[in-house]
Structure formats: C-alpha cells, structure tokens
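Following the working numbering, the numbering of the sequence shown begins with 2 at its first residue and continues without gaps. Note that CB positions come from ideal geometry on N, CA and C, so glycine has one too.
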Amino acid sequence: MTTHREGLILGATLKSIARSIALAERNRQPVELLVSLDRADTLTRDVVMDFAERMETRVFENDFGDLSLSRNRCIENASGEFVAILDGDDLISNNWLSDAATTAGRDARPTIWHPEVNVVFGEHNHMFRHIDAEDDEFDPLMLIATNPWTALSFARKAYFEALPYTPIQLASGIGFEDWAWNREAVAAGYLHKVVKGTGHAIRRKAISLAKLTTQAKALPAPTEFFRAELEKRAALRSSRDHRRMFLEPSLSVA
C-alpha cells in the first residue's frame, strides 16, 4: 500500500485492509502487508506506526515523491507469489484479497485481476463496473482514449517485476502511471479480468494526483502498442482480402 499525506482518513483504509486480510487468513491464504511512507507527514506516519503495533506490517520510509517508485519498492520487497496494489485513500471489500487469490490461483494464464464494482465517493459520487478483456465489447484500442481499469489490481509478482511502473514526470507531460501500466500489460499479452462479487471504494479529493495530472495536460508514457495493434489489424484485413480474391468465383465475358 502506498501512502503520502492521507492523515486520519488512512485509518479507514487500514481497517478495510485488515478485514480483508483476516478473511483471507481464515481461508488459509497468508498475507503480508507492506506500506510505503513516501514523504509522509507526521500524522500519516503516526497512523501507520500505530497500526503496525497491532498488526504485522512491513513499513518502508521513502523520499521518492513518486507513486510509481513507491509501488515498485513494495513489489520488489514482497515475498509472496501474488501482489495486490492498494492505495492509502481507498477501501476494499472484505472478500477482495481472498477471492482474488482464489481466482488467480485457478487461472494459469498471464492475467491482471481487478475488482468488479467501483464506488467513487467524496468530491463527487458515482459507480462503474470494470470491463473484462474477454467481454465482446472490449477493444484494446479503447486504451488510446480512456483507462478502463483502476490501479487496484492483483497479479503474480513476476508480472509486476517484468513491467515496473513508469515514474511520473508532470513537468515533462508524463503522468497517469496506472493507465500507462495497463497499456503496457495489454501490449505484453496479459489479460485484464474481473473477480466477480468484489468491490473497491475510491475516494475523490479536491486536490489529488489525478487532478494535478489533468491540469498539467499530461499523458501516459508513450508506447508502441497502438502502432503494433493497428499494423496487426491491417495485416489481418490484407490477408482476408487476399484469401477472398482467390475463393470468390470470377466472372468472364465471352
């Protein structure tokens, strides 16, 4: 879990994580909690340290000033086969960790798992469902204009290590680290799927990294994925046209 300057609201996040860990461990799924304190203020640090006295927690104090690098450090130090990406602002359903671990363990394909339902609250409120990459309506090219999945995800540690998060560089117009990561994961051949019956509550604040990124008119880090996808589709169309030319009967005029 990454933290920065959440202060007292971090308490609710930690309670939701503790409940989710408790259910997973009752189901004989051991969990370790790693927390990054990245340039955290005193109150945020106190909340984390108080929690760590009551529940085993590995705390990393960093001076990155970067969400991506904070995530990468926790991933590097995780000892389990799977990693769940968590954020200090948000809440997770009690069954998220347990059901994600069960679902991921049954599917050997390279897959990134996401909660099914997302509830946004705070400065504005709405709900949405994550799309499954195997749904008929999913098109990889939608990632050009939108990010269909939040940062909250669950996958094998090896996948995150193969695709570390790209540092945020707002001054250079590079942001939306989760969107960029989702693009790279699709380009690498990973599926993005949902764990049915799980949820994520996302806190929207007046001042947030997402807002600062939008105000800076930043874009996700560049990728060759879209060029490759368009070239693949063009080649497929060309192959179909070529095959049709030979299969369709020709007309001749005597």
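- Task: Measure the alpha-carbon distance for Ala236 versus Arg228 and round it to whole angstroms.
- Result: 12 angstroms
- What is the DSSP secondary structure of Asp114, reduced to helix, strand or coil? The sequence shown places Trp at residue 114, not Asp. Reduced to three states, the DSSP call for Trp114 is strand.
- Helix, strand or coil: how does DSSP classify Glu82 here? coil
- Within its chain, find whatever has a CB closer than 8 angstroms to the CB of Asp137; leave out the 5 residues flanking it on each side and keep chain order. none
- Query: Under the DSSP definition of a beta bridge, which residues are partnered with His201?
  - Reply: Ile93 and Asn119
- Item | Segment contact, 8 angstroms Cβ cut-off, at least three pairs: the region 123 to 135 with the region 43 to 53 | Segments in contact, no.
- Query: Cβ atoms of Met2 and Leu92: under 8 angstroms apart, would you say?
  - Reply: Their beta carbons are not under 8 angstroms apart, which means Leu92 does not touch Met2 by this criterion.
- Message: When you compare the CB positions of Leu142 and Glu230, do they come within less than 8 angstroms of one another, or not?
- Response: yes
- Message: I believe Thr151 touches His115 by the beta-carbon criterion, under 8 angstroms. Please report the beta-carbon distance rounded to the nearest angstrom.
- Response: 7 angstroms
- Where does Asp108 sit, in a helix, a strand or coil, going by DSSP? coil
- Query: If you draw a straight line from the alpha carbon of Ala159 to that of Ile10, how long is it in whole angstroms?
  - Reply: 32 angstroms
- Query: Near Phe139, which residues of its chain fall below 8 angstroms by C-beta distance, leaving aside the five closest residues on each side in sequence?
  - Reply: Ile132, Asp133 and Pro149
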